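Here the structure comes first, spelled out in structure tokens, and everything after it is commentary.
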Amino acid sequence: MFKFKNTIILALLVWVQTVNAQHSFNSYLPDKAGYREHALDIINMRVEVSFKPEEGRVIGKVLHQYKALQDKVDSVFFDAPGIAISKITLNGANASFNLVKEGVWIKSNSAFNYPKTGTIVIDYEATPRKGIYFIGWNQPDHNENSPWAVRKQIWTQGQGIDNRHWIPMYDDMNDKFTTETVITFDSKYNVLSNGLLRKKTANKNNTTTWHYAMSKPHAGYLLMLAIGNYAVATEKSNTGVPLQHWYYPEFKKRMAPTYRYTAQMFSFMKEQTGVDYPWETYSQVMVQDFLYGAMENTTATIFGDFFNVDERAYLDRNYVSVNVHEFTHQWFGDYITARDGRDTWLQESFATFYPKEFSKITDGYDEWCWQRRQHQNSAIDAGKKDNFAVRHTSGGTARVYPKGAAVISMMAYVLGESQFKRVIKHYLQKHAYANVETNDLQQAIKDELGINLDWFFDQWIYRGGEPHYRVHYEDLTYNNGTKTTEIAIEQIHKTDETVRWFKMPIVIEVHYTDGTFDSVIETIEKPFEVVKIENKQKKQIAYVLFDPNSNVIKQVTFNKSFDELTWQAQRAKYMLDRYDAVVAMRNFHTSAKRNVLIKLLAEPTNNHAAIVNEIVNQLANDNHAESKEALTAITKHPKAGVRDNLFNKLNAADEFWKNAFARALADSSYDVVKTVVTKLCTAYPKEAYAWLGKTEKVFGMNNAVRIKWLELSVTYNNGDAAKHYAELEKYASPLYEFRTRINSYNALKTLNRFNQNIATSLLNGILATNSRLAGPSAELLNHFAIQQTYKDMAKNVYKQMELLPWQHEIITRYCNFLTN
Ligand SMILES: [Zn+2]
99 MFKFKNTIIL
109 ALLVWVQTVN
119 AQHSFNSYLP
129 DKAGYREHAL
139 DIINMRVEVS
149 FKPEEGRVIG
159 KVLHQYKALQ
169 DKVDSVFFDA
179 PGIAISKITL
189 NGANASFNLV
199 KEGVWIKSNS
209 AFNYPKTGTI
219 VIDYEATPRK
229 GIYFIGWNQP
239 DHNENSPWAV
249 RKQIWTQGQG
259 IDNRHWIPMY
269 DDMNDKFTTE
279 TVITFDSKYN
289 VLSNGLLRKK
299 TANKNNTTTW
309 HYAMSKPHAG
319 YLLMLAIGNY
329 AVATEKSNTG
339 VPLQHWYYPE
349 FKKRMAPTYR
359 YTAQMFSFMK
369 EQTGVDYPWE
379 TYSQVMVQDF
389 LYGAMENTTA
399 TIFGDFFNVD
409 ERAYLDRNYV
419 SVNVHEFTHQ
429 WFGDYITARD
439 GRDTWLQESF
449 ATFYPKEFSK
459 ITDGYDEWCW
469 QRRQHQNSAI
479 DAGKKDNFAV
489 RHTSGGTARV
499 YPKGAAVISM
509 MAYVLGESQF
519 KRVIKHYLQK
529 HAYANVETND
539 LQQAIKDELG
549 INLDWFFDQW
559 IYRGGEPHYR
569 VHYEDLTYNN
579 GTKTTEIAIE
589 QIHKTDETVR
599 WFKMPIVIEV
609 HYTDGTFDSV
619 IETIEKPFEV
629 VKIENKQKKQ
639 IAYVLFDPNS
649 NVIKQVTFNK
659 SFDELTWQAQ
669 RAKYMLDRYD
679 AVVAMRNFHT
689 SAKRNVLIKL
699 LAEPTNNHAA
709 IVNEIVNQLA
719 NDNHAESKEA
729 LTAITKHPKA
739 GVRDNLFNKL
749 NAADEFWKNA
759 FARALADSSY
769 DVVKTVVTKL
779 CTAYPKEAYA
789 WLGKTEKVFG
799 MNNAVRIKWL
809 ELSVTYNNGD
819 AAKHYAELEK
829 YASPLYEFRT
839 RINSYNALKT
849 LNRFNQNIAT
859 SLLNGILATN
869 SRLAGPSAEL
879 LNHFAIQQTY
889 KDMAKNVYKQ
899 MELLPWQHEI
909 ITRYCNFLTN
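For what it's worth, the working numbering labels the leading residue of the sequence shown as 99, then goes sequentially.
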């Protein structure tokens, strides 16, 4: 799933011994999470369900086949908060059970003792607000010719512990079992669940029963359902696995850009991990109003339909990286599963690591470097707030996703890529279809390579913090005439109980003005070290690199002169080192750096978006003709994000740029169109009619361009204002998916537009199960309520709504002004 210093001169700390004493399973700070005990091993779970979608109601029967794990057990517990259980049978006979708030205790004096096996059947009904989501069933049928109009769907999201709200079950990561899902629903719709479709039976009452089954075990949170109006495109992966791409039938053209590269991901992951795709089939389905980016349910990934891009939107952002993320989870998460929440990094960090590896294939080596740097930066940013370890449930998404991914990159750097791959293969195969914890990975390194990497895990996984190095060098000539470059390295981060000095192998390079260089790799582990590199031929130093290509998570303070930065920006082999030199030039005046930056911009090797954007940012306000000429070339840069950044940074009111902006109204990127039409209308309001005329037909993802267009139209070009306001209000209503609604909310807020319809839409939005809609709906209603007339209007609308008690409770909790 998706969700990111002081000088010390001490004697060398004997931290290596400390590590040896403590390395075990300690995360050095108390953690609430831990292993959940359970008396039964569930072997198979069969869920039979039907629905009353308008009521959000689940009518179900679940069959658990189990094997008892312990002696003398008199009752077992199943998670089932809020579920009404009418009957339970144990091995065919009525069982006595006791309902409590969080679930149900089932009693027996004999059935749960080792090594007995048995079957528990539970009949139940539920109206859950978590785990399973009913979208659009109380709205008119999807009747707008817009991909963003509301659709009737039912879909699930089990992770973390939400399937228990619609299935009475043992809902934890540490028990894995096969599942069967048997769904009876209106034959008009299509139903997806985990595994293979074993049987599809048409019933007499216009319903169909779909029977899906998994042949290998997985964890209960990975069970899924998705129901809606879908067409299905099939193909084989490049390793022969049958694939299903579920899509909205009226937008067939979006299918290809949305699912781009899916078939190729199979051989990629096989090559990376040495392990074939572990399941029989792979399907992906887009759903509306999804709570996250996507979810890696076993064999059946769900993703938000905001990734359902057309070819133009694909240029701005697309599903590819998230697709690889969820696909990686089919191994890391589904095939091997963390034993409890503390080891989530074994899933999410790997699922963040492999999309970066895949980017090397789709976007090249520079992009790979850049993504790795972004992961490192996320770790550094999180470290400014606290020092929780990667393996700690309070570490937050920045630890579990990007920092862990950056740590895995360092593991590959320390072990070497081919040795790293051997470890991964051994680790996956050894724990196939089972649970893992961090120590299993440490052990795999020992077993496969005979290398003890406990020190690495201790500092990067069990402990928090990141190193901050202060580096400087001296170009020394000794009395005997020889020359040596002495590089002094100090670790200047704050150390405490959980953060220590860091030990890492680091490359140091001295580059000379003749283009040659000397290089050493040293294990830096002391708070202060000096590395000496002999300059045998007494060459002139151009620049020095500490950790070229940025292999290590770190901050570095290493001041360099403008000349050194220029050499580095022009000569360094790796994009990141050239980029860092350009960033360091921010501190220098434009007149000093203009020519250097313009030359760098012209180099094809500096084509990566990060370098181009950085140079654009430094030159955008420069009035010099040469800068303007250089930036004009960037208006045609192949990357949409670069063009968008350029137009964002340029001054549209400068007549020089007016034509470039006007031409960009026809840009292939929706983001660029939105940027330039906004800036042109603002800079030249009298000509708004012309700018708007050229972009009237562009809608963009989640109607973002259209909504901006409507906002600009009523602001700068009053004709048809009533019609345009009406269209904006429609986009804010439950007739549309949540991102369209939020885009419209932003426009209504800017325009300070409020009325009864908008109040109704916002109150409706507050009741959504999707917190990404409920939150902004409440925020905007509270914002409007600052104005007395709007407040009164909102209160009136609220009074007239027919709501259930729990709906009143939610609305007034979010907006307490309604009851005052
Ligand atoms: Zn994930």
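All C-beta atoms, glycine included, are put in the ideal place defined by N, C-alpha and C.
In this text the structure is predicted, and so the values were computed from the model without any measurement.
His473 has its Cβ no nearer than 7 Å to any heavy atom of ligand 1. Around the beta carbon of His687, fewer than 16 other beta carbons lie within 10 angstroms, which makes this residue exposed.
Met267 sits in a strand when the DSSP states are folded into three classes. Taking 4 residues as the shortest admissible run, the stretch 372–417 contains the following complete alpha helix (DSSP H) segments, listed from N- to C-terminal end: 409–414. Counting the other Cβ atoms within 10 Å of the Cβ of Trp904 gives fewer than 16, which makes it exposed. If you look at Ala640, you'll find it in the beta strand (DSSP E) that goes Ile639 to Phe644. At least 8 Å separates the beta-carbon of Thr397 from that of Asn261. DSSP, reduced to helix, strand and coil, places Ile631 within a strand of the structure shown. DSSP, read as helix, strand or coil, puts Trp665 in helix. For Phe149, the uninterrupted beta strand (DSSP E) run begins and ends at Leu138 to Lys150, by DSSP. For Ala731, the shortest C-beta to heavy atom distance toward ligand 1 is 7 Å or greater.
A buried status is given to Val694, since no fewer than 16 other beta-carbon atoms sit within 10 Å of its beta-carbon. A distance below 8 Å between beta-carbons, with the five flanking residues on each side excluded, links Arg669 to the following residues of its chain, in chain order: His609, Gly613, Ala640 and Tyr641. For Thr887, the enclosing alpha helix (DSSP H) has its first and last residue at Gln886 to Gln898. Apart from the 5 residues on each side of it in sequence, Asn815 sits with its Cβ closer than 7 Å to the Cβ of Ala786, Tyr787 and Leu790 in its chain, given in chain order. DSSP places Ala586 in the strand class (E or B) of the three-state scheme. Uninterrupted beta strand (DSSP E) stretches at least 3 residues long and entirely within the stretch 291–375 occur at 294–300, 305–311, 323–326, 329–334 and 340–345, given in chain order. Cβ contact annotation for Ala690 (same chain, cutoff 7 Å, sequence separation greater than five): Phe660, in chain order. For Ala679, the distance from the CB to the nearest heavy atom of ligand 1 is not below 7 Å. In summary, Ile732 is buried, with 16 or more beta-carbon neighbours lying within 10 Å of its beta-carbon over all protein chains present. By alpha-carbon distance to Met673, the top candidate from Met683, His706 and Asn685 is His706. Across the structure, Ala487 and Pro874 are spaced so that their CA atoms are roughly 32 Å apart. Within 7 Å of the C-beta of Glu446 there is at least one heavy atom belonging to ligand 1. Shown here, Gly739 sits in a helix according to DSSP, grouped into three states. Per the coordinates, the alpha-carbon of Ala193 lies some 33 Å from the alpha-carbon of Ala436. Counting along the chain, Ser184 sits inside the beta strand (DSSP E) bounded by residues Ala182 to Leu188. Taking the CA atoms as reference points, Asn236 sits about 35 Å from Gln428.
Rounded to the nearest angstrom, the Cβ distance from Asn336 to Gln362 is 6 Å, consistent with a contact under 8 Å.
When Asp438, Thr848 and Ala830 are compared, the shortest CA-CA separation from Gly863 is found for Ala830.
Its chain contains Thr582 and Glu584 as the residues whose beta carbon lies nearer than 6 Å to that of Lys630, once the 5 sequence neighbours on both sides are disregarded; these appear in chain order. Listed as beta-bridge partners of Ala700 by DSSP are no residues whatsoever. DSSP lists no beta-bridge partner residue for Gly613.
Residue environment analysis places Ala758 among the buried positions, since at least 16 neighbouring C-beta atoms fall within 10 angstroms of its C-beta. Judged by DSSP in its simplified three-state form, Val796 adopts coil rather than helix or strand.
According to the DSSP assignment, Ser173 belongs to the beta strand (DSSP E) that extends over Ser173 to Asp177.
Spanning the alpha carbons of Ser313 and Lys297 requires a straight line of approximately 14 Å.
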